[in-house]
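Colleague: Numbering (our numbering), first residue to last: 1 to 114.
Glycine residues also receive a C-beta, built at the ideal position from the N, C-alpha and C atoms.
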């Protein structure tokens, strides 16, 4: 299957750039108590409705980590900018009190989980 094209990669990269710029400019300011991410099109590609369920984790090439694939083996890819933003929120001490949440919607109630 061909990879779907979208603007999410640019959006995630732009979001990470703004995040880094805000951190540099905001020295001494209070960090957010919560950061909420939309999932499809911001954190990863393709959007979940474009994938064939169920999703599963499989070893990545080289066996160092794992990746998420659909029933055809098509990979769900985390955008580089999203990966950086999530890593900053997880590892930088200044975000220690910041909660990370997600928001999404679906018309497939059987696939939705709270």
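In whole angstroms, give me the CA-to-CA distance for residue 65 and residue 58.
Modeller: What you label residue 65 is simply residue 65 of the chain shown in a count that begins at 1. What you label residue 58 is simply residue 58 of the chain shown in a count that begins at 1. Cα-Cα distance, rounded: 9 Å.
Colleague: Please state if the CB of residue 53 and the CB of residue 77 are separated by a distance shorter than 8 Å.
Modeller: Position 77 of the chain shown, counted from the first residue, corresponds to residue 77. Position 53 of the chain shown, counted from the first residue, corresponds to residue 53. It is not a contact, given that the beta carbons lie outside the stated cut-off.
Colleague: With a CB to CB cut of under 6 Å and the five nearest residues on each side skipped, what residues in its chain are close to residue 99?
Modeller: Translated into positions along the chain shown, residue 99 becomes position 99. The residues are 34.
Colleague: Report all residues from its chain with a CB closer than 6 Å to the CB of residue 93; omit the five preceding and five following residues, and keep chain order.
Modeller: Mapped onto the chain shown, residue 93 falls at position 93. Hits under 6 Å: none found.
Colleague: Mapping the DSSP letters down to three states, classify residue 102 as helix, strand or coil.
Modeller: For this step, residue 102 is matched to residue 102 along the chain shown. If DSSP states are grouped into helix, strand and coil, residue 102 belongs with the strands.
Colleague: Could you tell me the alpha carbon to alpha carbon distance between residue 105 and residue 62, rounded to whole angstroms?
Modeller: Taking the first residue of the chain shown as position 1, residue 105 is located at position 105. Taking the first residue of the chain shown as position 1, residue 62 is located at position 62. Taking the straight line joining both Cα atoms gives about 34 Å.
Colleague: Tell me the DSSP secondary structure of residue 56 in three-state form.
Modeller: Numbered from its first residue, the chain shown carries residue 56 at position 56. In the structure shown, residue 56 sits in a strand (DSSP, three-state: E or B).
Colleague: Among the residues of its own chain, which have a CB less than 8 Å from the CB of residue 97, if the five just before and after it don't count?
Modeller: Sequence index remark: in the chain shown, residue 97 carries index 97 (1-based). Hits under 8 Å: 31, 33.
Colleague: Are residue 43 and residue 101 touching if we call contact CB-CB under 8 Å?
Modeller: Here residue 43 is taken as the residue at index 43 of the chain shown, counted from 1. Here residue 101 is taken as the residue at index 101 of the chain shown, counted from 1. Not in contact: residue 43 and residue 101 (Cβ atoms no closer than 8 Å).
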